Amino acid sequence: MESIAIYLPIILSLVGLLYMVVKRAQVMKQDAGDGKMKEISDYIYEGALAFLKAEYRLLTIFVIGASL
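Here the sequence shown stands for residues 902 to 969, where the numbers follow the numbering used here.
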(Lines of atoms letter the chains of each structure in order from A; the text may use other names.)
(Lines give C-alpha, C1' and ligand atoms only; values in the text may rest on other atoms or scores of the structure.)
Protein backbone atom coordinates (compact mmCIF):
# COMPACT_ATOMS: atom_id res chain seq x y z
CA MET A 902 0.00 0.00 0.00
CA GLU A 903 2.81 2.40 0.81
CA SER A 904 4.50 1.73 -2.52
CA ILE A 905 1.31 2.78 -4.34
CA ALA A 906 1.29 6.05 -2.42
CA ILE A 907 4.88 6.65 -3.47
CA TYR A 908 4.67 5.68 -7.14
CA LEU A 909 1.15 6.80 -8.05
CA PRO A 910 1.90 10.55 -8.06
CA ILE A 911 5.00 9.96 -10.17
CA ILE A 912 3.12 7.79 -12.67
CA LEU A 913 0.21 10.24 -12.89
CA SER A 914 2.63 13.13 -13.39
CA LEU A 915 4.29 11.32 -16.28
CA VAL A 916 0.90 10.49 -17.81
CA GLY A 917 -0.06 14.17 -17.51
CA LEU A 918 3.15 15.28 -19.19
CA LEU A 919 2.63 12.79 -22.01
CA TYR A 920 -0.94 14.04 -22.48
CA MET A 921 0.34 17.62 -22.60
CA VAL A 922 2.91 16.75 -25.28
CA VAL A 923 0.25 15.05 -27.43
CA LYS A 924 -2.19 17.96 -27.09
CA ARG A 925 0.53 20.51 -27.83
CA ALA A 926 1.46 18.65 -31.01
CA GLN A 927 -2.19 18.67 -32.08
CA VAL A 928 -2.53 22.41 -31.46
CA MET A 929 0.73 23.25 -33.23
CA LYS A 930 -0.47 21.41 -36.36
CA GLN A 931 -3.49 23.74 -36.65
CA ASP A 932 -3.50 26.64 -39.11
CA ALA A 933 -2.77 30.00 -37.49
CA GLY A 934 -5.60 31.65 -39.41
CA ASP A 935 -5.82 34.80 -41.47
CA GLY A 936 -4.27 38.18 -40.72
CA LYS A 937 -7.16 39.39 -38.54
CA MET A 938 -6.96 36.29 -36.35
CA LYS A 939 -3.20 36.76 -35.94
CA GLU A 940 -3.74 40.41 -35.00
CA ILE A 941 -6.30 39.44 -32.37
CA SER A 942 -4.02 36.73 -31.01
CA ASP A 943 -1.22 39.30 -30.68
CA TYR A 944 -3.52 41.52 -28.60
CA ILE A 945 -4.46 38.57 -26.40
CA TYR A 946 -0.78 37.66 -25.99
CA GLU A 947 0.16 41.21 -24.99
CA GLY A 948 -2.73 41.37 -22.51
CA ALA A 949 -1.78 38.03 -20.98
CA LEU A 950 1.82 39.16 -20.52
CA ALA A 951 0.68 42.41 -18.90
CA PHE A 952 -1.56 40.44 -16.55
CA LEU A 953 1.23 38.03 -15.60
CA LYS A 954 3.63 40.93 -15.00
CA ALA A 955 1.13 42.55 -12.62
CA GLU A 956 0.49 39.22 -10.86
CA TYR A 957 4.20 38.54 -10.38
CA ARG A 958 4.68 42.05 -9.01
CA LEU A 959 1.95 41.47 -6.41
CA LEU A 960 3.24 37.99 -5.65
CA THR A 961 6.74 39.36 -5.07
CA ILE A 962 5.40 41.94 -2.63
CA PHE A 963 3.38 39.26 -0.82
CA VAL A 964 6.31 36.82 -0.58
CA ILE A 965 8.65 39.51 0.72
CA GLY A 966 6.05 40.61 3.26
CA ALA A 967 5.29 37.06 4.37
CA SER A 968 8.96 36.21 4.78
CA LEU A 969 9.62 39.08 7.18
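We put the CB at the ideal spot given by N, CA and C, even for glycine. As the structure is a prediction and not an experimental result, all values here were calculated from the model.
Distance from the CA atom of L953 to the CA atom of E947, rounded to whole angstroms, is 10 Å. Linking K924 to Q931 through their CA atoms gives a straight-line distance of about 11 Å. Counted as a single uninterrupted DSSP element, the alpha helix (DSSP H) harbouring G917 occupies residues E903 to K930. Residue state for A933 is assigned as coil, using DSSP reduced to three classes.
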